[in-house]
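Its first residue numbered 1000, the sequence shown is counted upward by one per residue in the numbering used here.
So the structure is just underneath, and the comments pick up after that.
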Amino acid sequence: MKDFNSYLRPATDDDLQLIYTWRNKEEIRQLMFNDNVIEWDQHKNWFNLLKSDMKSEIRLFVENNLPRGIVQVNKINTDHQTAEWGFYIGDPYKKGLGTLLAYHSLNFIFNELNIRKLTAQVLSINNKSLTFHQKVGFLQEGLLKQQILRNEKYIDVHLYGQFKQNWEHNKVILMEGFTNA
1000 MKDFNSYLRP ATDDDLQLIY TWRNKEEIRQ LMFNDNVIEW DQHKNWFNLL KSDMKSEIRL
1060 FVENNLPRGI VQVNKINTDH QTAEWGFYIG DPYKKGLGTL LAYHSLNFIF NELNIRKLTA
1120 QVLSINNKSL TFHQKVGFLQ EGLLKQQILR NEKYIDVHLY GQFKQNWEHN KVILMEGFTN
1180 A
């Protein structure tokens, strides 16, 4: 594969302020299940709990030596080889970063964490993420109708899944499209 000068690395305490800034940006916050402004103490507690949780991983996505986004893997079940993921690109955004983040993240999740099936929950108001999950090979497995109350209106949650064997096929197609673009 062509070297894209991008990779994942474990998030550290040194990254805490940057992640906090990203997470509280309006354009990111409004697409989260919890769209409230996160207080600093809440953020530190979340990070410390996540670091100590054997069923979670948090990684920073780095491109050209700059932190660009975050990937969180939760509900890691080694018996069933399943997990759930969430992610976002922080700042600045440029075309193709999501594809690179997905490539590195899904390889990490399926190969290093030995996950057989990865799931995601996406709010129906997050059109970019809905399209993105389909682009990287996730299939919609369900829909939770009127699941979340947001601005006095109920919104749906889309349930997505991808199996490791599908990713092995999908990543070739994804990266061919990326390198030919």
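Even glycine gets a Cβ: it sits at the ideal position worked out from N, Cα and C.
For residue i, the first and last residue of its enclosing alpha helix (DSSP H)
i	result
Asn-1115	In the sequence as presented, Asn is not what sits at residue 1115; that position holds Arg. Segment: none, Arg-1115 is in no alpha helix (DSSP H) and carries neither H nor E.
Ala-1010	Looking at the DSSP string, Ala-1010 is not in any alpha helix (DSSP H), and its letter there is neither H nor E.
Gly-1097	1096 to 1106
Thr-1130	1126 to 1134
Ile-1018	1015 to 1022
Phe-1137	Taken as a continuous stretch (DSSP letters only), Phe-1137 belongs to no alpha helix (DSSP H), as it is neither H nor E.
Asp-1155	Run containing Asp-1155: none in the alpha helix (DSSP H); it sits in the beta strand (DSSP E), 1152 to 1162.
Ile-1027	1025 to 1028
Residues of its chain near residue i, where Cβ-Cβ distance is below 7 Å and the 5 sequence neighbours each way are ignored
i	result
Val-1072	Ser-1055, Glu-1056, Ala-1082, Trp-1084, Ile-1108, Leu-1112
Leu-1129	Val-1121, His-1157
Phe-1046	Leu-1015
His-1103	Ser-1005, Tyr-1006, Leu-1007, Phe-1060
Top-ranked residue by Cα proximity to residue i, from the options
i	options	result
Ile-1172	Ile-1037, Gln-1146, Pro-1009, Lys-1134	Lys-1134
Gln-1080	Thr-1011, Gln-1161, Asn-1169, His-1157	Gln-1161
Glu-1140	Leu-1117, Lys-1152, Glu-1151	Leu-1117
Leu-1065	Ser-1128, Asp-1012, Thr-1098, Tyr-1006	Tyr-1006
His-1132	Leu-1015, Lys-1093, Asn-1169, Arg-1149	Asn-1169
Lys-1074	Tyr-1153, Asp-1155, Glu-1167, Asp-1052	Asp-1052
Asn-1110	Trp-1166, Asp-1155, Gln-1029, Phe-1046	Trp-1166
Lys-1094	Arg-1067, Thr-1077, Phe-1086	Arg-1067
Tyr-1268	Leu-1030, Asp-1034, Ala-1119, Tyr-1019	The shown model of the chain, from 1000 to 1180, leaves out residue 1268, and the question about it has no answer.
Asn-1076	Asn-1150, Lys-1144, Lys-1152, Arg-1115	Arg-1115
Leu-1048	Ile-1069, Arg-1028, Asp-1012, Thr-1020	Asp-1012
Glu-1038	Ala-1010, Gln-1164, Ile-1018	Ile-1018
Ile-1088	Leu-1138, Arg-1028, Lys-1144	Arg-1028
Cβ shell of residue i (< 6 Å), same chain only, five flanking positions each side left out
i	result
Gln-1041	none
Asn-1063	Asn-1004
Val-1036	Asn-1023
Phe-1032	none
Leu-1148	none
Lys-1163	Phe-1109, Arg-1115
Same chain, Cβ closer than 8 Å to residue i, neighbours up to 5 away in sequence not counted
i	result
Arg-1008	Arg-1058, Leu-1059, Val-1061
Where the beta strand (DSSP E) through residue i begins and ends
i	result
Asn-1076	1065 to 1076
Ile-1057	1056 to 1062
Phe-1086	1081 to 1088
Note to self: Below 8 Å, how does it come out for the segment 1016 to 1024 and the segment 1118 to 1138: are there three or more Cβ pairs, yes or no?
What the structure shows: no
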